[in-house]
Structure formats: structure tokens, C-alpha cells
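Residue numbers (my numbering): 2 to 304. Backbone N, C-alpha and C define an ideal beta-carbon position, used for all residues, glycine too.
In C-alpha cells:
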């Protein structure tokens with residue numbers, strides 16, 4: 002048996018890792034600004050910022066590809082709804098209503114399972130032995146991280162309304178990962194991102210207005226909040242989604258989505274470096290499990 006790992010696959014690995022590294026900062030930022038801005042406002046400003054940043058680079062391609070974009074408006078609308086308008090908004094709402102352990106357990110472990118199941122059912126992707134074993138090892142690594150090695154802590158888990166929000170967000174992102182495979186090759190990556198970013202911001206706009214003028218949720222602007230929105234708009238939106246979509250095109254949805262298990266690992270390291278949290282042996286053990294699971298799930302073999 003000889004291991005087969007092409008340059009095309011390695012590129013997919015690197016792109017997926019970059020995307021998850023950028024996305025991991027999303028949780029650190031959201032935790033820092035949760036008392037300064039409401040969830041819907043944070044999501045709306047994030048995608049508006051992303052649209053404005055991407056516009057100068059992509060608008061010419063949007064004009065050139067307008068006929069293809071118009072012909073595929075249904076799939077683009079669904080992608081904007083699931084991956085842009087719903088996913089992170091649900092995560093931000095959940096952050097105000099549930100604990101971090103619940104968010105990590107439900108969000109990180111359920112989205113890959115949703116996406117893998119849908120990839121098998123709807124895209125007819127093959128789910129081999131190594132893919133299954135790798136996914137199980139990834140999940141075990143995440144469970145070890147969030148439980149801190151304590152069965153008592155894991156068994157004390159309780160499902161709340163906030164948990165329902167993060168579960169809905171995980172499902173929305175899994176649907177996005179499946180639907181993005183249907184993106185026509187006639188639509189370039191830049192025009193695709195600009196269109197779904199704008200559509201997502203437009204979908205959020207009525208709820209943003211409702212929140213500002215009916216609910217009257219305050220936004221306490223500061224240099225930290227402004228910089229956080231720039232990071233969310235440029236790093237976790239433009240760059241991360243571009244890398245993620247390219248990774249899906251190279252690896253497939255079922256394989257790529259497994260890299261989402263790296264997000265809590267990266268978030269933990271960032272919390273240690275940025276927030277000064279203490280590192281424990283559990284962090285190393287869980288990281289080894291997740292990385293091992295990714296390697297096992299993504300290496301294919303031939304005789």
C-alpha cells in the first residue's frame with residue numbers, strides 16, 4: 002500500500018487550515034465585544050464591511066459575469082442565507098444565551114456530522130473507513146478539550162435555548178458547505194463572494210433596523226470595537242471564505258469540513274496568547290487527537 006497525497010490535495014489542506022485559523026479569531030473577538038454590540042448588529046456590520054472591502058476588487062467581474070449570476074440567483078440566495086445571514090448570526094446570538102462549553106460541543110462536533118451525512122446523501126460522496134475513523138477521532142479530541150478530561154463536567158451538560166441557536170448555526174454552515182459545491186464554474190471566486198456578502202448583508206438589514214429602532218439595542222463604539230469589525234470583515238469574511246471555498250473545490254465538502262475541528266484548537270492557543278489563559282496537558286492531548294484525525298481522514302491509499 003502506498004500513500005497518495007497530491008499537490009492539489011496539499012494545497013487544499015493549507016487553504017482549509019488558513020481559513021480555520023482566521024475563523025478561530027471570531028470567537029475571541031465575539032467574546033471581547035459581546036457587551037458593546039448586539040448579535041445582529043455585529044453580523045450586519047461584519048458583512049457590510051466585507052462587502053465594501055471586496056467591492057473594488059470584484060465589481061468588474063460581477064459586471065462581466067452578470068448574466069451567469071442572474072441565471073443562478075436561486076443557489077446564490079441560498080448560499081447567502083445559510084453561510085452569511087444565518088450561520089454567524091446564530092453563533093453570536095448563542096454567545097449571549099449559553100455557555101462556552103455548550104457552544105464548542107454542539108457547534109464543532111455537529112457541523113461536520115451534518116455536512117458529512119449530507120455529502121453522502123445528496124452529493125453521493127464515498128464515506129470510506131478512514132474518513133469515518135478520522136471523524137470519530139476528531140470528535141473525541143474536541144470532547145476531550147471542552148470536558149477538560151472530566152466525565153462529571155461532560156455529564157453535567159444541559160441543553161438550553163442558546164444551544165438550539167448554535168445547533169441551528171452548525172446546521173446552516175453544513176448546508177452552505179454542501180451547496181457551495183453547486184457553484185457554477187462560470188462564476189469566479191471574487192464575484193461569488195461579493196454577491197453572497199451583499200445578499201447576506203441585505204437579508205440582515207431589516208432585522209438590524211428592527212433592532213436599532215424598535216428594540217433599541219445600544220452599540221458602544223470604541224477603537225476596539227471598530228478594529229474588531231475590521232478584522233471580522235476582512236480576515237474572517239473575505240480571506241477566510243475565499244480560502245475555504247477553494248479548499249472545498251480541491252478536497253470536497255466532506256473532507257474540508259473536518260478541518261473545522263481545528264477552530265477550537267486555534268481558539269485555545271489564541272486565548273492563551275492574547276487573553277493570558279493557562280495551558281494544560283489537555284490542550285496538547287486534544288490537539289494531537291484532532292490533527293491525527295484530520296490526517297487519517299484525508300490520506301487516501303492505492304495499491
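**OP:** Within the region 240-299, note down every full alpha helix (DSSP H) run reaching 4 residues or more, in order along the chain.
**Re:** Positions of the alpha helix (DSSP H) runs, each at least 4 residues long and wholly inside the region 240-299, are given as 241-252, 254-257, 263-275 and 282-299 in order along the chain.
Original post:
Hey, residue 48 and residue 198: beta-carbon distance below 8 Å or not?
Top reply: As a first step, residue 48 is located in the chain shown; it is residue number 47 there, counting from the start. As a first step, residue 198 is located in the chain shown; it is residue number 197 there, counting from the start. Taking 8 Å as the cut-off, the beta carbon of residue 48 is found closer than this to the beta carbon of residue 198.
Original post:
Starting from residue 47 and walking both ways along the alpha helix (DSSP H), at which residues does that stretch end?
Top reply: Position 46 of the chain shown holds residue 47. Under the DSSP assignment, residue 47 falls in the alpha helix (DSSP H) whose first and last residues are 40-65.
Original post:
Run through DSSP, which three-state label would residue 73 get?
Top reply: Translated into positions along the chain shown, residue 73 becomes position 72. Of the three classes helix, strand and coil, the one that applies to residue 73 here is coil, per DSSP.
**OP:** Compare the C-alpha of residue 205 against each of 58, 126 and 82 and name the closest.
**Re:** Counting from 1 along the chain shown, the entry for residue 205 is found at position 204. Residue 205 has its Cα closest to that of 82, out of 58, 126 and 82.
Original post:
Helix or strand or just coil, what does DSSP make of residue 17?
Top reply: Within the chain shown, residue 17 is the residue found at index 16, counting from 1. In the structure shown, residue 17 sits in a helix (DSSP, three-state: H, G or I).
**OP:** Indicate whether residue 259 and residue 298 have their beta-carbon atoms separated by less than 8 Å.
**Re:** The residue given as residue 259 occupies position 258 in the chain shown. The residue given as residue 298 occupies position 297 in the chain shown. Contact annotation: residue 259 and residue 298 have beta-carbon atoms nearer than 8 Å.
**OP:** Can you give me the Cβ contacts of residue 20 inside the same chain, cut-off strictly under 6 Å, excluding the 5 residues immediately before and after it?
**Re:** As a working mapping, residue 20 is identified with position 19 in the chain shown. Result list for residue 20: 241, 244 and 245, in chain order.
Subject >> Nearest-angstrom Cα separation, counted from residue 148 out to residue 154 >> reply: What you label residue 154 is simply residue 153 of the chain shown in a count that begins at 1. What you label residue 148 is simply residue 147 of the chain shown in a count that begins at 1. Roughly 6 Å between the two C-alpha positions.
Original post:
By the 10 Å Cβ neighbour count, where 16 or more other Cβ atoms means buried, how is residue 256 classified, buried or exposed?
Top reply: By 1-based counting over the chain shown, the position of residue 256 is 255. Label assigned to residue 256: buried.
Original post:
Is the distance from the Cβ of residue 238 to the Cβ of residue 29 below 8 Å?
Top reply: Here residue 238 corresponds to residue number 237 of the chain shown, with the count starting at 1. Here residue 29 corresponds to residue number 28 of the chain shown, with the count starting at 1. Contact: no.
Original post:
Given that a residue counts as buried once 16 or more other Cβ atoms are within 10 Å of its Cβ, and exposed if not, what is residue 222?
Top reply: On the chain shown, residue 222 is found 221 positions in, with the first residue counted as 1. With fewer than 16 other Cβ atoms within 10 Å, it is exposed.
Subject >> Own chain, CB closer than 7 Å to residue 25, minus 5 neighbours either side, in chain order >> reply: On the chain shown, position 24 is the one that residue 25 refers to. The residues 264, 267, 268 and 271, in chain order, have a CB closer than 7 Å to that of residue 25 in the same chain once the five nearest residues on each side in sequence are set aside.
Original post:
Should residue 186 and residue 80 be called a contact, given that it needs their Cβ atoms to be closer than 8 Å?
Top reply: Here residue 186 refers to the residue found at position 185 when the chain shown is read from its first residue. Here residue 80 refers to the residue found at position 79 when the chain shown is read from its first residue. For residue 186 and residue 80, no; Cβs fall outside 8 Å.
**OP:** Compute the Euclidean distance between the alpha carbons of residue 53 and residue 93, then round it to the nearest angstrom.
**Re:** To locate residue 53, count along the chain shown from 1; it is residue 52. To locate residue 93, count along the chain shown from 1; it is residue 92. The straight-line gap separating the alpha-carbon atoms of residue 53 and residue 93 is approximately 22 Å.
Original post:
With distances taken from CA atoms, which of 11, 40 and 13 is nearest residue 213?
Top reply: Stepping through the chain shown from its first residue, residue 213 is reached at position 212. Closest by alpha carbon: 40.
**OP:** Tell me whether residue 215 is buried or exposed, calling it buried when 16 or more other Cβ atoms sit within 10 Å of its Cβ.
**Re:** The residue given as residue 215 occupies position 214 in the chain shown. Burial state of residue 215 is exposed, judged by a 10 Å Cβ sphere holding fewer than 16 other Cβ atoms.
Original post:
Should residue 295 and residue 129 be called a contact, given that it needs their Cβ atoms to be closer than 8 Å?
Top reply: As a first step, residue 295 must be located in the chain shown, where it is residue number 294. As a first step, residue 129 must be located in the chain shown, where it is residue number 128. No, they are not a contact pair.
Original post:
Measuring CB to CB, does residue 78 end up less than 8 Å from residue 194?
Top reply: As a first step, residue 78 is located in the chain shown; it is residue number 77 there, counting from the start. As a first step, residue 194 is located in the chain shown; it is residue number 193 there, counting from the start. Their beta carbons are not under 8 Å apart, which means residue 78 does not touch residue 194 by this criterion.
Original post:
Closest by CA to residue 64, which one among 16, 42, 192 and 231?
Top reply: By 1-based counting over the chain shown, the position of residue 64 is 63. For the residues 16, 42, 192 and 231, the minimum Cα distance to residue 64 belongs to 192.
**OP:** Compute the beta-carbon to beta-carbon distance between residue 142 and residue 42, rounded to the nearest angstrom, for a pair I have assumed lies under 8 Å.
**Re:** Numbered from 1 along the chain shown, position 141 holds the residue referred to as residue 142. Numbered from 1 along the chain shown, position 41 holds the residue referred to as residue 42. That belief does not hold up - the Cβ atoms of residue 142 and residue 42 are roughly 34 Å apart, past 8 Å.
Original post:
Whose C-alpha, out of 234, 18, 117 and 7, is nearest the C-alpha of residue 56?
Top reply: Residue numbering aside, residue 56 sits at position 55 when the chain shown is read from its first letter. Of the listed residues, the one whose Cα sits closest to residue 56 is 234.
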